[in-house]
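A.B. asks: Structure provided below as C-alpha cells; questions to follow.
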Amino acid sequence: MQYDAIIIGGGHNGLVTAFYLARAGLKVHICEARSIVGGACVTEEFAPGFRNSTASYTVSLLQDKVACDMNLAEHGLKIVNRPLNNFLPLDGDYLKVGPGVTEAEVARFSAKDAAALPAYDARLEVLADQMRRLALKTPPGRGLKGMATLAAQGWPLLGLSGEEQRDLFTLFTRSAREFLDGWFESDPIKAVLGFDSIVGHFASPDTPGSAYVLLHHVFGQVNGIKGAWGHAIGGMGSITQAMAAAACEKGVSIGLEERVARVNIVGGKACGVTLEDGRVLEAPIIASNAGPALLFRQLVDRSELPVDFARAMDGFACGSGTFRMNVALSELPDFTVLKGPGVHHGAGIIIAPSLDYMDRAYTGAKAYGWSARPIVEMLIPSTMDDTLAPEGGHVASLFCQQFAPNLPDGQSWDDVRDKVADLIVDTVTAHAPNFKRSIIARQIHSPLDLERKFGLIGGDIFHGRISLDQLWAARPVLGHGDHRMPVKGLYLCGSGAHPGGGVTGAPGHNAAREILADRPLFKLRA
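Using this note's numbering, you'd call the opening residue of the sequence shown number 4 and step up by one each time.
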C-alpha cells in the first residue's frame, strides 16, 4: 500500500500528528502494534466490571489548542477537576493540598511556610508560563534558521526579573531539595511539592536537575485552571478514542496489530515500513510516535545513520523507574489519620512523607532494584466516574516510583513482580488497614511489562530521561530538536521530542507543523 505519510504507533501524539497531516490533505496511515489504539493512554477492563486507565492515569498537560483543533469535546471527551489536588497521609497526621485549603493546612506545620506559599506559587507560575509559551514551538535546529529560532524563543526570557531568571536557571540545574529548601522549612509541604520532581525520573530529589522535573509537571491546566489536575470520564482512553475519531473523520486509516519491524530507507531517504508479518507499506514520510531508543536501536539500521548520531543515540538515557498497578476494590480505603469517605479520596494520595524518604527509596532501588519502603501515588478515579466500576466498587491507580529498569544480579522483573506488588499493597495498607482485604483483582505492570506492552524502553513513561542534556533543542539529541531526524523523510513525533512526556499532544502537533513545512520536498499522492 502507498501513502503520503505513515505514523509508527497509535499513541496520543501519533494520532495528533496524523490528524493535522490528514487535515492538510495528506493520505495518512497509522501502524499500531496493539489491538487497541491509544498507546499508553488507554482504558481497559482488567477484571469483570472494572475498567481503568492502564498506564497514563491523569490529565493536566493536554494542550488546549490540540483539544480545540480536534474537537475532542464534540467527540465525547469530558474532563472533570479533582476535588482536591493532593492528600499526604503522615504518621499520626496528614496534609491536604488544593484550592482554598493549602495555606491553612500548611500553617498547622509551619506558619512561616504558609506565609511563603503565595510568593512561591506566583514565582512558579511565572516560570511555568515560560514552559507553556514554548510547548507548541519547535526548538531550534541547525544552521541560520536554527540561530534565528534560538533568538526568537530566548528573547522573552530577558523580560523576566533578575530573581526570576535566577530561579529559572536554578530549576534547570539544581536539585528539587535545594530549590524547595530555599522556600520552605517543613517536611510535609516539601514532600508534596517535591514528589513531582521524581515522577517518571529514576533519581533522588537530591539529584542536580531534578528541580526541572518538578516544573515539567506543573505547567498544565484543566478546564482553564492553571496547575490543576483532572480526570477524563471513561478513563484516559476516552482521550485517544476521541482523537482517533477526529483523525478518522479526516481520512486517516488505522491499522491495529500492525507491528513495525523496520523503517525502509533507500538512498538516505525513508520510503516506508516493513511489518512483522512481512507486508510493506510505502510512504515518503515516516513519523515515529515510538521513542528514540526503540526507533534507532530496533527499527532503523545503524548503517543508515551518521556515525555521530548513532553514537549519541547509544547514550540516550531511558528508564524512569516506574511500577504501575491497577486494583479493583470492594470498598474505599479507610485511612487511619482521616477516617471515612471524603474529598481526600478524589485526590492524588501520596505515600512519601518527606524528601528523605524519597531519597532513601532511590538509593535502595539503585542498590537492590526496589526499595523496602516504596513511593506510591494512589488515585481512585471511580470517586469521580461511576463508569469505571460496579455499584459499590472502586478502582484505584497505583503509580509507584523508584524501581530499577534493570535489576541487579541477573534477576528479571518476571520473577519478582508479584512480590513487589505485594510490597506496594502493604505500603498502602500501613496507612489504610482495610486496603489489602478490599482488593478483588489487580493488574501489574513492572518496568519490563511497560516495555513489552507499550514499547516504553526501560519502562520509561517519558520516552527518555527528562534532564538538561535531553531537553528542548537537545531532545532527543542536539541538532535534531526540530523533529527532523538525520534520514530524509523520517520525523520524531512522540514524547521523545520536545516538550517531552505526559499526555500533551504537543510533540505531535509540532511535528506535523514541521512535516507540512517540508511538504514541497516530497512527491506526495495527495
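From the three backbone atoms N, C-alpha and C, an ideal C-beta is built for every residue, glycine too.
These figures come from a predicted structure and were not determined experimentally.
What are the boundary residues of the alpha helix (DSSP H) that residue 450 is part of?
C.D. replies: 450–457 is the extent of the alpha helix (DSSP H) around residue 450.
A.B. asks: Under a three-way DSSP split, which group does residue 378 fall into?
C.D. replies: Residue 378 falls in the strand class under three-state DSSP.
A.B. asks: With distances taken between CB atoms, is the gap from residue 12 to residue 293 smaller than 7 Å?
C.D. replies: In contact: residue 12 and residue 293 (Cβ atoms closer than 7 Å).
A.B. asks: Indicate the three-state DSSP secondary structure (helix, strand or coil) for residue 298 in the structure shown.
C.D. replies: Helix, per DSSP.
A.B. asks: What does the alpha-carbon distance come out to for the pair residue 397 and residue 385?
C.D. replies: Approximately 5 Å between the Cα atoms of the pair.
A.B. asks: According to DSSP, which residues form a beta bridge with residue 53?
C.D. replies: The partner list for residue 53 (beta bridge, DSSP) reads 50.
A.B. asks: The alpha helix (DSSP H) that contains residue 512, what's its start and end?
C.D. replies: Note, residue 512: alpha helix (DSSP H), 509–520.
A.B. asks: Note down the Cα distance separating residue 391 from residue 339, rounded to an integer number of angstroms.
C.D. replies: Cα-Cα distance, rounded: 26 Å.
A.B. asks: Assuming contact is defined by CB atoms lying nearer than 7 Å, are residue 515 and residue 24 in contact in what I supplied?
C.D. replies: In this structure, residue 24 lies closer than 7 Å to residue 515 by Cβ.
A.B. asks: Whole angstroms is fine: what's the gap from residue 346's alpha carbon to residue 233's?
C.D. replies: Cα-Cα distance, rounded: 14 Å.
A.B. asks: Compare the C-alpha of residue 3 against each of 394, 129, 257 and name the closest.
C.D. replies: Not covered by the structure: residue 3. The range shown for the chain is 4 to 529.
A.B. asks: Please classify residue 213: does DSSP put it in a helix, a strand, or coil?
C.D. replies: Three-state DSSP puts residue 213 in a helix.
A.B. asks: The beta strand (DSSP E) spanning residue 351 covers which residue range?
C.D. replies: From DSSP, the beta strand (DSSP E) with residue 351 extends over 351–354.
A.B. asks: Thinking residue 399 and residue 138 are a contact (beta carbons under 8 Å), I'd like their distance in whole angstroms, please.
C.D. replies: Their Cβ separation, rounded to whole angstroms, is 30 Å, which puts residue 399 and residue 138 out of contact at 8 Å.
A.B. asks: May I have the straight-line CA-CA distance separating residue 484 from residue 215, to the nearest angstrom?
C.D. replies: Each residue's Cα considered, the two are about 18 Å apart.
A.B. asks: Here's a check: name, in chain order, each residue in its chain whose Cβ is nearer than 6 Å to the Cβ of residue 441, leaving out the five neighbours to either side.
C.D. replies: Closer than 6 Å at Cβ, skipping near neighbours: 332, 333, 334.
A.B. asks: With DSSP as the reference, label residue 291 as helix, strand or coil.
C.D. replies: Looking at residue 291 - three-state DSSP - the assignment turns out to be strand.
A.B. asks: Between the alpha carbons of residue 350 and residue 490, how many angstroms are there, rounded?
C.D. replies: The straight-line gap from Cα to Cα measures roughly 45 Å.
A.B. asks: Does the distance from the CB of residue 449 to the CB of residue 420 come in under 7 Å?
C.D. replies: Yes, they are a contact pair.
A.B. asks: Measure from the alpha carbon of residue 313 to the alpha carbon of each residue in 322, 480, 190, then state which is nearest.
C.D. replies: Residue 480 is the option with its Cα nearest to residue 313.
A.B. asks: Mark residue 468 as exposed unless 16 or more other C-beta atoms lie within 10 angstroms of its C-beta, in which case mark it buried.
C.D. replies: Buried: at least 16 other Cβ atoms inside 10 Å.
A.B. asks: Could you check the C-alpha separation between residue 30 and residue 225 for me, to the nearest Å?
C.D. replies: Approximately 33 Å, taken between the alpha carbons.
A.B. asks: If you draw a straight line from the C-alpha of residue 278 to the C-alpha of residue 129, how long is it?
C.D. replies: Cα to Cα, residue 278 sits roughly 46 Å from residue 129.
A.B. asks: Count the other CB atoms, across all protein chains shown, that sit within 10 Å of the CB of residue 74; report buried if there are 16 or more and exposed otherwise.
C.D. replies: It counts as exposed.
A.B. asks: Let me check one thing: in DSSP terms, what residues is residue 92 bridge-paired to?
C.D. replies: DSSP, once it has assigned bridges, lists 97 as partnering residue 92.
A.B. asks: Can you tell me whether residue 99 is buried or exposed? The criterion is at least 16 other CB atoms within 10 Å of its CB, across all chains shown.
C.D. replies: Per the 10 Å Cβ criterion, buried.
A.B. asks: Going straight from the alpha carbon of residue 21 to that of residue 221, what length do you get?
C.D. replies: Computed Cα separation, rounded: 27 Å.
A.B. asks: Mapping the DSSP letters down to three states, classify residue 491 as helix, strand or coil.
C.D. replies: Residue 491 falls in the strand class under three-state DSSP.
A.B. asks: Using DSSP bridges, identify the partner residues of residue 373.
C.D. replies: Paired residue(s): 406.
A.B. asks: Spatial neighbours of residue 408 within its chain, please: C-beta separation below 6 Å, excluding the five flanking residues on both sides.
C.D. replies: 322, 450, 461, 462.
A.B. asks: Report yes if the C-beta distance between residue 1 and residue 373 is below 7 Å; otherwise report no.
C.D. replies: Outside the displayed range of the chain (4 to 529) lies residue 1, so it cannot be described from this structure.
A.B. asks: Measure the beta-carbon distance from residue 207 to residue 361 and round it to whole angstroms, keeping in mind my assumption that it falls under 8 Å.
C.D. replies: Going by Cβ atoms, the distance from residue 207 to residue 361 rounds to 7 Å, so yes, they are a contact pair.
A.B. asks: DSSP three-state call for residue 443: helix, strand or coil?
C.D. replies: Note: residue 443 maps to strand in three-state DSSP.
A.B. asks: For the stretch 58–73 against the stretch 280–287, do three or more pairs of beta-carbon atoms, one drawn from each stretch, fall closer than 8 Å, so that the two count as touching?
C.D. replies: No, the stretch 58–73 is not in contact with the stretch 280–287.
A.B. asks: What is the DSSP secondary structure of residue 32, reduced to helix, strand or coil?
C.D. replies: If DSSP states are grouped into helix, strand and coil, residue 32 belongs with the strands.
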